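The structure appears below as structure tokens.
In the numbering used here, the protein residues as written are 16 to 275.
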């Protein structure tokens, strides 16, 4: 299903997006050495509940997962890049942590992800991974607008990731979003310009470039959910929800006070 939202629904999506961004940035501030991933999940639950929002993850049970996800946020550490299921693990100095969060507020969903290094030690490889996904996300957003095509976004993202020297996995990527978290169209992290669905105002997309340091292959953890790099290398993931507007694309998952 490809959903086109009304101006009123996009306005509500701004509130959802700000909530997602505020929670992620609060968690980043709290994610110190020694903090347990289950603590991060509990804090997320508290903030979602206090805001009167609903988690997109707790009851989420797609074909690629094993049963309901059962947690409120995805927490990927080091080689875990997608669908990281929170578990009993205390963060260590230099860990590369990816947080991915989606909630529904006012009947509209928003989805975002950030990656960062825990503590005061930032290995250059980790910094390079994170910065590449952030640059690719910015390029994808810049390529989005009315009458552009999905392939234009995919090409922009893939160009940045390839130029940085990373292999690109096309099994998982961005997606449409609206009244539910995952909708059509799929937005691969590489592609050919001028191809795919034509964008129009009211379409919302979650763009999410992610990379692994030395492979494009994934393996599934024994938890049935967490996707890890096949070689054990480090990974990073950045994501924003955007709305196509008559003039371009608006980033919805910005913290309160940082909207443009």
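We treat Cβ as the ideally placed atom computed from N, Cα and C, and that holds for glycine.
Please read these numbers as outputs of a predicted model, since none were measured by experiment.
Please state whether DSSP places residue i in a helix, a strand or coil.
i, result
"residue 37", "helix"
"residue 108", "coil"
"residue 292", "A query on residue 292 cannot be resolved here, the shown segment of the chain reaching from 16 to 275 and no further."
"residue 19", "strand"
"residue 199", "strand"
"residue 50", "coil"
"residue 148", "helix"
"residue 142", "helix"
"residue 42", "helix"
"residue 215", "coil"
"residue 252", "strand"
To the nearest angstrom, how far is the alpha carbon of residue i from that of residue j?
i, j, result
"residue 40", "residue 270", "8 Å"
"residue 191", "residue 218", "8 Å"
"residue 119", "residue 179", "34 Å"
"residue 227", "residue 143", "11 Å"
"residue 244", "residue 48", "23 Å"
"residue 156", "residue 225", "15 Å"
"residue 64", "residue 209", "42 Å"
"residue 230", "residue 23", "43 Å"
"residue 86", "residue 17", "27 Å"
Could you check if residue i is buried or exposed, using at least 16 other CB atoms within 10 Å of its CB as the buried criterion?
i, result
"residue 44", "exposed"
"residue 277", "It is not possible to answer for residue 277, since the shown part of the chain is limited to 16 through 275."
"residue 275", "Residue placement at residue 275 is poorly supported in this model, since its pLDDT is 48, which falls under 50; the coordinates still yield a value, given next. It counts as exposed."
"residue 145", "buried"
"residue 61", "exposed"
Suppose contacts are defined by Cβ-Cβ distances below 9 Å. Is residue i in contact with residue j by that definition?
i, j, result
"residue 141", "residue 128", "no"
"residue 263", "residue 194", "no"
"residue 38", "residue 90", "no"
"residue 147", "residue 251", "yes"
"residue 205", "residue 173", "yes"
"residue 111", "residue 223", "no"
Taking Cβ positions only, does residue i come closer than 9 Å to chain B?
i, result
"residue 134", "Considering every chain present, this structure includes no chain B. It has just one protein chain."
The region 202–216 contacting the region 253–267, beta-carbon criterion three pairs below 8 Å = yes
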